[in-house]
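Enquirer:
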Amino acid sequence: MKPGNFSSSLLRWHDAHGRHDLPWQSNMTAYRIWVSEIMLQQTQVATVIPYYQRFMQQFADIESLAKADIDLVLHLWTGLGYYARARNLHKAANIICHDYAGQFPETLDAVIALPGIGRSTAAAILALSDNQHHAILDGNVKRVLTRFFAIDGWPGKPEVERLLWQHAENLTPIENTAQYTQAIMDLGATVCTRTNAKCHQCPLLQHCRAYANDRVTNYPTSKPKKTIPVKKTIMLLLRNKDNQVLLQQRPPSGIWGGLWSLPEAQCDTTQKALCAWSQNELKLTINDITIAQPLRHTFSHFHLDITPVYASVINESSAIMEQADTVWYNTCKPDARGLAAPVKKLLDTHNDVMTGVIT
DNA sequence: AAGGCGGGGCA
DNA sequence: TGCCCAGCCTT
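Every number in the numbering used here is 3 more than the matching position in the first sequence, counting from 1.
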C-alpha cells in the first residue's frame, strides 16, 4: 500500500466517521491545542473534557496562564495526575510571554525547547493549529502502526521506536496534515483500540498485516513487566477546634511536587509514638487518636499503603503554624490548592464526617 | 490487579 | 543513549 493510499483512506474515513466536536476542535489556536495535548498525554478524552473546560475558562490565553498563581494551576489539575505537566505548562507560558512576546513559537525546534513538550506533542500542536507538515507518534499512532505493519517488540525500545517514527513520517501527507493528524489519532482512539478493536469499521483493514494474520490483539507488544515494591506511610489528619485540617506543601519536585499533602509521621502506629512524633516534629499536642484502615495508592513504580490517623490538636496557636508551607485547611470551604488524589479522598471523607453526611 | 500513557532527568 | 521516574483511569 502506498503512503498516499493510506492517508487518503484515512482522510475519507475521518470525514465520515471521525470526531469533530471535541472542545479543542473549535477555535484551534496553538494555545488551545497545546493545553489539550498536554492534558491528553496520560488521560483519556472523556476524563479530560471537564478539566479542559474549567482550565480554558480560567486561563483564556497564554498571558493569563503565565500570570496565574501556580497553586491555582495545580488546583485545576487536581486529580489529573503527573503534576509536572501543570508546572511545565505554567513555566512554558512564562517563557512564551518573555521570549516570544506572548506569541506561541512556530518552529518545531522552538516548540520542543519548551518544558513539557517533546517531539510528538510539538508536532501535534503545529500540525493541528497551523497545518505544518510534521509527523506525530503518540500511543494511538503507535498502536495503529504496530498493527498495520505487524511490528514486534515493545514500542518503548529505541529500535522499535525509530522504525515507528520512520513509518509515521513516511505516511504523513504534505497536504492536509492537520486533518490527517486528527484522523489517525481518532482511528486509534475509536476503532483501533487496545481491546475490542472494531476492525470491521477500519478503513485500513484490507492492508493491515496484524488483521491478515489474525494477531490484532498481539500488538503493540506489551512492556516487559516487573514486580513493584510496597511502601508504607502514616498520614495524619489533625483537626483544630474549628475542624480545620493541617496541610503541608510538598517540595517542588518529586512525587506530588508542589501539591498540598498531609503530615506523614515517621513512627509506629501506637498512640504513644504518634503523640511523641507530633510533639517533636510539629510541636503539636494531640489526643482522641483514631487509627483507620490502610488504603492503597499505586504509582507506576510502587504501591503506597497509607494508614490514616485522625486526631485532635490541643495547642493550636503554636509558632510552627506561621510557616509558609503549612496551612489549616477548611474542608467545608476548600480554597484553590493542588491536592494529591488520596489526600483529596481523605479530606472529602473527613468533610463528610464533619458535616454529618456519614458518621 | 495489571496495563497504558509522553516527556524530563540523569548516568 | 538508555534507564528510571511519575499518577491517574480503564479493563
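Where a beta carbon is used, it is the ideal one built from N, C-alpha and C, also for glycine.
How far does the beta strand (DSSP E) with TYR332 in it reach, from first residue to last?
Expert: Reading the first sequence from its first residue, position 329 is the one you call residue 332. Per DSSP, TYR332 belongs to the beta strand (DSSP E) from 329-332.
Enquirer: What beta strand (DSSP E) runs, 3 residues minimum, are completely inside the region 66-137?
Expert: none
Enquirer: Rounded to whole angstroms, what's the CA-CA distance from ASP355 to VAL248? Just pull it up for me.
Expert: Residue 355 sits at position 352 when you count from the first residue of the first sequence. Residue 248 sits at position 245 when you count from the first residue of the first sequence. Roughly 13 Å separates the two Cα atoms.
Enquirer: Going by DSSP, name the residue or residues bridged to MET238.
Expert: Sequence index remark: in the first sequence, residue 238 carries index 235 (1-based). Paired residues: GLU267 and PRO311.
Enquirer: Just list the residues that DSSP pairs HIS306 with in beta bridges.
Expert: Position 303 of the first sequence, counted from the start, is the residue given in the question as residue 306. HIS306 is bridged to VAL233 and THR301.
Enquirer: Here's the rule: buried if 16 or more other CB atoms are within 10 angstroms of the residue's CB, otherwise exposed. What is PRO6?
Expert: Residue numbering aside, residue 6 sits at position 3 when the first sequence is read from its first letter. Classification of PRO6: exposed, given that the 10 Å Cβ count is below 16.
Enquirer: Using the Cα positions of CYS335 and LEU350, report the straight-line distance between them to the nearest angstrom.
Expert: Position 332 of the first sequence holds residue 335. Position 347 of the first sequence holds residue 350. When rounded, the distance between both Cα atoms is 10 Å.
Enquirer: Count Cβ pairs between the region 234-241 and the region 163-176 that sit closer than 8 Å; are there 3 or more?
Expert: no
Enquirer: Between which two residues does the beta strand (DSSP E) harbouring ASP291 extend?
Expert: In the first sequence, counting from the first residue as 1, residue 291 sits at position 288. It spans 289-294 - the beta strand (DSSP E) in which ASP291 sits, taken as one unbroken run.
Enquirer: Within the continuous alpha helix (DSSP H) that includes LEU249, where are the two ends?
Expert: Taking the first residue of the first sequence as position 1, residue 249 is located at position 246. Premise fails: LEU249 lies in the beta strand (DSSP E), 248-252, not in any alpha helix (DSSP H).
Enquirer: Could you check if PHE151 is buried or exposed, using at least 16 other CB atoms within 10 Å of its CB as the buried criterion?
Expert: By 1-based counting over the first sequence, the position of residue 151 is 148. By the neighbour-count rule (16 or more Cβ atoms within 10 Å), PHE151 is buried.
Enquirer: Name the DSSP beta bridge partners of LEU342, please?
Expert: In the first sequence, counting from the first residue as 1, residue 342 sits at position 339. Answer by DSSP bridge pairing, in chain order: TRP263.
Enquirer: I need the DSSP call for VAL194, collapsed to helix, strand or coil.
Expert: On the first sequence, residue 194 is found 191 positions in, with the first residue counted as 1. Assigned with DSSP and collapsed to three states, VAL194 falls in coil, not helix or strand.
Enquirer: What is the rounded straight-line gap between the Cα of ARG253 and the Cα of ALA314?
Expert: Your numbering for residue 253 matches position 250 in the first sequence. Your numbering for residue 314 matches position 311 in the first sequence. Going from the Cα of ARG253 to the Cα of ALA314 covers about 21 Å.
Enquirer: Could you tell me which of LYS70, ALA295, GLY119 and HIS78 sits nearest to ARG57, measuring between CA atoms?
Expert: Start at 1 with the first residue of the first sequence, and residue 57 comes out as number 54. Cα-wise, what sits closest to ARG57 is HIS78.
Enquirer: Using 10 angstroms around the beta-carbon of LYS245, count the other beta-carbons present and answer buried if the total reaches 16, otherwise exposed.
Expert: One-based indexing of the first sequence puts residue 245 at position 242. The amino acid occupying residue 245 in the given sequence is Asp; Lys does not appear at that position. Answer is exposed; the Cβ neighbour count stays below 16.
Enquirer: What does DSSP give as the partner residue(s) for VAL316 in the beta ladder?
Expert: Residue numbering aside, residue 316 sits at position 313 when the first sequence is read from its first letter. Bridge partners of VAL316: ILE289.
Enquirer: Which word fits ARG218, buried or exposed, when buried means at least 16 other C-beta atoms lie within 10 angstroms of its C-beta?
Expert: Sequence index remark: in the first sequence, residue 218 carries index 215 (1-based). Classification of ARG218: exposed, given that the 10 Å Cβ count is below 16.
Enquirer: Do you know offhand how far CYS270's Cα is from TRP280's?
Expert: Residue 270 sits at position 267 when you count from the first residue of the first sequence. Residue 280 sits at position 277 when you count from the first residue of the first sequence. So the alpha carbons of these two residues sit roughly 7 Å apart.
Enquirer: Is the region 122-140 close to the region 40-50, with three or more CB pairs under 8 Å?
Expert: yes
Enquirer: Count Cβ pairs between the region 287-296 and the region 217-232 that sit closer than 8 Å; are there 3 or more?
Expert: no
Enquirer: Quick one: any contact between the region 60-75 and the region 93-104, if contact means 3 or more CB pairs under 8 Å?
Expert: yes
Enquirer: Can you check which of these residues, THR46, PHE107 and THR81, is closest to THR32 by C-alpha distance?
Expert: Indexing the first sequence from 1 puts residue 32 at position 29. For the residues THR46, PHE107 and THR81, the minimum Cα distance to THR32 belongs to PHE107.
Enquirer: Under 8 Å, with one C-beta from each stretch per pair, do the region 228-239 and the region 259-279 reach the 3-pair mark?
Expert: Touching, yes, given that three or more Cβ pairs across the two stretches are closer than 8 Å.
Enquirer: Among ILE65, ASN91, VAL147 and PRO345, which residue has its Cα nearest to the Cα of LEU208?
Expert: Taking the first residue of the first sequence as 1, we reach residue 208 at position 205. Comparing Cα-Cα distances from LEU208 to each of ILE65, ASN91, VAL147 and PRO345, the minimum goes to VAL147.
Enquirer: When we look at the beta-carbon of ASN143 and count the other beta-carbons within 10 Å, is it buried (16 or more) or exposed?
Expert: Walking along the first sequence from the start, residue 143 turns up at place 140. Buried, since its Cβ has 16 or more Cβ neighbours within 10 Å.
Enquirer: Relative to the C-alpha of THR373, which residue among MET4, ASN333 and TYR86 is closest?
Expert: Residue 373 cannot be examined here, being either before or after the span of the chain that is shown, 4 to 362.
Enquirer: Can THR180 and ALA116 be called in contact, C-beta distance under 8 Å?
Expert: Within the first sequence, residue 180 is the residue found at index 177, counting from 1. Within the first sequence, residue 116 is the residue found at index 113, counting from 1. In this structure, ALA116 does not lie closer than 8 Å to THR180 by Cβ.
Enquirer: Rounded to a whole number of angstroms, what is the C-alpha to C-alpha distance between ASP64 and ASP24?
Expert: The residue given as residue 64 occupies position 61 in the first sequence. The residue given as residue 24 occupies position 21 in the first sequence. Going by the C-alpha atoms only, they are around 21 Å apart.
Enquirer: Please state the DSSP three-state secondary structure of GLN367.
Expert: Any question about residue 367 goes unanswered here, given that the chain covers just 4 to 362.
Enquirer: Closer than 6 Å by C-beta to VAL76: which residues in its own chain qualify, once you throw out the five before and the five after it? Chain order, please.
Expert: Locating residue 76 in the first sequence gives position 73, counting from the first residue. Taking C-beta separations shorter than 6 Å and ignoring five residues to either side along the sequence, the partners of VAL76 in its chain run ALA89 and HIS93, following chain order.
Enquirer: Can you list, in chain order, the residues of its chain with a C-beta nearer than 7 Å to that of ASP291? Leave out the 5 residues immediately preceding and following it.
Expert: In the first sequence, the residue the question calls residue 291 occupies position 288. Closer than 7 Å at Cβ, skipping near neighbours: ALA314 and SER315.
Enquirer: Assign ARG146 to one of three DSSP states: helix, strand, or coil.
Expert: On the first sequence, position 143 is the one that residue 146 refers to. Helix, per DSSP.
Enquirer: Around the C-beta of HIS101, are 16 or more other C-beta atoms found within 10 angstroms, so that it is buried, or is it exposed?
Expert: To locate residue 101, count along the first sequence from 1; it is residue 98. So HIS101 counts as exposed.
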